[in-house]
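*Asks:* One structure follows; several queries about it will come next.
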Amino acid sequence: MIYDFSYFFSNQMKALLHCNEKKQQLSGILNELNIKSKKIAVPEQIHSNNVQLINENGTFINNDGLVTTNQKLILSIKVADCVPIFLQDQKNNTFGLVHSGWRGTAGNIVKCAIEKMILVQSNVKDIKVFLGPSIKSCCYEVDYKVAKKFSKISKIKINENKWMLDLHKEIKKNLMQLGILELNIKSSEICTFDQQDCHSFRRNGKFAGRMVAFMGILK
């Protein structure tokens, strides 16, 4: 199963989420999508709020997101309940891909990504952001220690130590505070916990596979 969010972006930019990683090695997925491994750039993914501005392929340690102006690169991350955030400046074609779990979201990792885009002359009014499938508030129960890190609009209190958390709402709030236009923000309605096509760590624990997100121009 491949989810394609490319319709939201422009200039041949592809935004994909491949759900068969547990059944296929990454090399098989790359072959299926006709992506050369030498074009891939990935962050280490350490549940941080670090984003790196890059211009070459490879694995970039100590961060959870990448931003680039290099149209020859394909950015990639792996997720299983965390939010894959796809970003593109429609005018100068800067683009980014971010892994945002609860820690990254609480640390406003999307702000770090936008700041990196601004460094390479992006205007916030031109940036489009797609929040991909993740665990949704219907299924994402957290304790008070986690819930207290989030704003009121992003959580529902069930009892003193049970809260339902909405990562998408928190990220959207953060984006709009940065000046991203609401019409340039799109949020997937798919809940990875509910959707059996998707991998979910909360649902399957250590047996969960990973979904692989890609962003870039596929040629």
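Quick note, the sequence shown lines up with residues 22 to 240 if you use the working numbering. Quick reminder that beta carbons are idealized off the backbone N, C-alpha and C, glycines included.
(1) So what does V150 bridge to, in DSSP terms?
(2) Given M197, which residues of its chain have a CB within under 8 Å of its CB, disregarding the five upstream and five downstream residues?
(3) Here's a check: name, in chain order, each residue in its chain whose Cβ is nearer than 6 Å to the Cβ of I211, leaving out the five neighbours to either side.
(4) Let me know the secondary structure DSSP gives Y161 once reduced to three states.
(5) The beta strand (DSSP E) spanning M232 covers which residue range?
(6) I need the boundaries of the alpha helix (DSSP H) containing S48, first residue and last residue.
(7) Quickly, what does DSSP pair Y24 with across the bridge? List them, please.
(8) Here's the rule: buried if 16 or more other CB atoms are within 10 angstroms of the residue's CB, otherwise exposed. What is L152?
(9) Here's the rule I'm using: 16 or more other beta-carbon atoms within 10 Å means buried, otherwise exposed. How should S143 be labelled?
(10) Could you check whether V63 and S97 sit closer than 8 Å to each other, using their CB atoms as the reference points?
(11) Locate the beta strand (DSSP E) running through L188, then write down its first and last residues.
(12) In three-state DSSP terms, what is K176?
(13) In terms of residue numbering, what span does the alpha helix (DSSP H) encompassing V131 cover?
(14) Can you name the start and end residues of the alpha helix (DSSP H) that T126 belongs to?
(15) Whose CA, out of Q46, D102, E77 and F228, lies closest to the CA of N91?
(16) Under 6 Å Cβ to Cβ from G200, same chain only, skipping five residues before and after it: list those, please.
(17) For the candidate residues A168, K149, W184 and S175, whose alpha-carbon lies nearest to that of N32?
(18) Between A234 and S221, is the Cβ-Cβ spacing less than 8 Å?
*Replies:* Checking against the coordinates, here is how it stands:
(1) According to DSSP, which records beta bridges pairwise, V150 is partnered with L108 and I206.
(2) Counting only Cβ-Cβ distances below 8 Å, and skipping sequence neighbours, we find E203 and I206.
(3) These residues qualify, in order along the chain: P154.
(4) Shown here, Y161 sits in coil according to DSSP, grouped into three states, outside any helix or strand.
(5) Counting along the chain, the unbroken beta strand (DSSP E) around M232 starts and ends at M232 to G237.
(6) Unbroken alpha helix (DSSP H) run through S48: L47 to L54.
(7) Answer is L38, bridged to Y24.
(8) The residue in question, L152, is buried, as its Cβ has 16 or more Cβ neighbours within 10 Å.
(9) Label assigned to S143: buried.
(10) By the CB criterion at 8 Å, S97 and V63 fall inside the cutoff.
(11) Counting along the chain, L188 falls outside any beta strand (DSSP E), though it belongs to the alpha helix (DSSP H) covering L188 to Q198.
(12) K176: strand per DSSP, three-state reduction.
(13) DSSP places V131 inside the alpha helix (DSSP H), whose first and last residues are I130 to L140.
(14) Counting along the chain, the unbroken alpha helix (DSSP H) around T126 starts and ends at W123 to A127.
(15) Nearest in C-alpha terms to N91, of all of Q46, D102, E77 and F228, is E77.
(16) When the five nearest sequence neighbours on each side are left out, the beta carbons in the same chain lying within less than 6 Å of the beta carbon of G200 are those of V145, in order along the chain.
(17) When each option's Cα is compared against that of N32, the closest is K149.
(18) No. Outside cutoff.
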